[in-house]
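Peer 1:
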Amino acid sequence: MGAAGGRGGPPLVAPPRCAGPGGGLGCPTASNGSGKTTLLRAFLGSRRLTDGALLLRGEPADLTRPRHRRLVASLVEPVPVARDMTLREQVTLVAASWYGNTAATGERAEETLASLGLTPLAERFPSQLSSGQLQLFHLALTLVRPAGIVLLDEPERHLDTDRVALVAGLLAERAAQGTALLVATHDATLVEACDGVMELG
Numbered sequence: 442m443g444a445a446g447g448r449g450g451p452p453l454v455a456p457p458r459c460a461g462p463g464g465g466l467g468c469p470t471a472s473n474g475s476g477k478t479t480l481l482r483a484f485l486g487s488r489r490l491t492d493g494a495l496l497l498r499g500e501p502a503d504l505t506r507p508r509h510r511r512l513v514a515s516l517v518e519p520v521p522v523a524r525d526m527t528l529r530e531q532v533t534l535v536a537a538s539w540y541g542n543t544a545a546t547g548e549r550a551e552e553t554l555a556s557l558g559l560t561p562l563a564e565r566f567p568s569q570l571s572s573g574q575l576q577l578f579h580l581a582l583t584l585v586r587p588a589g590i591v592l593l594d595e596p597e598r599h600l601d602t603d604r605v606a607l608v609a610g611l612l613a614e615r616a617a618q619g620t621a622l623l624v625a626t627h628d629a630t631l632v633e634a635c636d637g638v639m640e641l642g
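In our numbering, each residue's number is its place in the sequence shown (first place is 1) plus 441.
Right, here's the structure in full:
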């Protein structure tokens, strides 16, 4: 992988060289401003490279390619939510958009809500959530869809210690099932759950 740059300026991230297996939980860690989010955007395909190449499952990261959009799920940019739909309705809608409208899709949505402790809040609207609950909802919208690769930028944001531990366990479980996760984080609990740490700048 080469450096991620922007608009003709100097590289925003030094060019790390890395290769990984099909699954696992990796954490790029560094101080603020060192390029963790830029690195995730490069993997997502929303940030061009000034040098080198970045391949995901042998193909360039490119948001215009349907195969890439199906391969990669991310919580890097803000997740759009509907103000007039409940959490259950929105998580089910995202699941149905990828899996089709079946009974199994509804079960998948319910499992995702339960895994993040959101079942008691499932009939609420986003405006009725605390900042921590809203973060868990954003994670649910991200994790309910199929993906071989998941990119998360500080998923611990606004979460208390117990909820961070819950998320860390869920991500480790997803990695054990074969998903590759790249999680930019400052949180020690999440770093401890990672299979490997990538130091930036």
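C-beta: ideal position from N, C-alpha, C; glycine also.
Note that the coordinates shown come from a computational prediction; the quantities given were computed from them, not determined experimentally.
Could you check where the beta strand (DSSP E) with Ser556 kicks off and where it finishes?
Peer 2: Walking along the sequence shown from the start, residue 556 turns up at place 115. Taken as a continuous stretch (DSSP letters only), Ser556 belongs to no beta strand (DSSP E), being part of the alpha helix (DSSP H) at Ala544 to Ser556.
Peer 1: Answer yes or no: do Asp636 and Leu466 have a C-beta to C-beta separation smaller than 7 Å?
Peer 2: For the purposes of this step, residue 636 is taken as residue 195 along the sequence shown, with counting starting at 1. For the purposes of this step, residue 466 is taken as residue 25 along the sequence shown, with counting starting at 1. For Asp636 and Leu466, yes; Cβs fall inside 7 Å.
Peer 1: Does the beta-carbon of Gly496 have 16 or more other beta-carbons within 10 angstroms, so that it is buried, or is it exposed?
Peer 2: For the purposes of this step, residue 496 is taken as the residue at position 55 of the sequence shown. This sequence places Leu at residue 496; Gly is not what is there. Leu496 comes out exposed.
Peer 1: Could you give the distance in angstroms between the alpha-carbon of Asp594 and the alpha-carbon of Gly541?
Peer 2: On the sequence shown, residue 594 is found 153 positions in, with the first residue counted as 1. On the sequence shown, residue 541 is found 100 positions in, with the first residue counted as 1. Using only the alpha carbons, I get a separation of about 28 Å.
Peer 1: Just confirm the distance between the C-beta atoms of Leu577 and Leu557, as a whole number of angstroms; I'd bet it's less than 8 Å.
Peer 2: Reading the sequence shown from its first residue, position 136 is the one you call residue 577. Reading the sequence shown from its first residue, position 116 is the one you call residue 557. With a Cβ gap of about 5 Å, Leu577 and Leu557 count as contacting.
Peer 1: For Arg529, I'd like the list of residues in its chain whose CB is within less than 6 Å of its CB, leaving aside the five on either flank, ordered along the chain.
Peer 2: Within the sequence shown, the letter at position 88 stands for residue 529. Correct list, in chain order: Ala563.
Peer 1: Whole-angstrom Cβ separation of Ala410 and Val591, contact assumed at under 8 Å?
Peer 2: Summary: the structure shown does not reach residue 410, with the chain confined to residues 442 through 642, and so no result is reported for it.
Peer 1: Would you report the Cα separation of Pro521 and Leu582, rounded to the nearest angstrom?
Peer 2: If you number the sequence shown from 1, residue 521 lands on position 80. If you number the sequence shown from 1, residue 582 lands on position 141. The alpha-carbon atoms of Pro521 and Leu582 are separated by roughly 10 Å.
Peer 1: Once you ignore the five residues that flank Leu512 on each side, which residues in its own chain have a CB closer than 7 Å to its CB?
Peer 2: Locating residue 512 in the sequence shown gives position 71, counting from the first residue. Counting only Cβ-Cβ distances below 7 Å, and skipping sequence neighbours, we find Leu497, Arg498, Ala588, Gly589 and Ile590.
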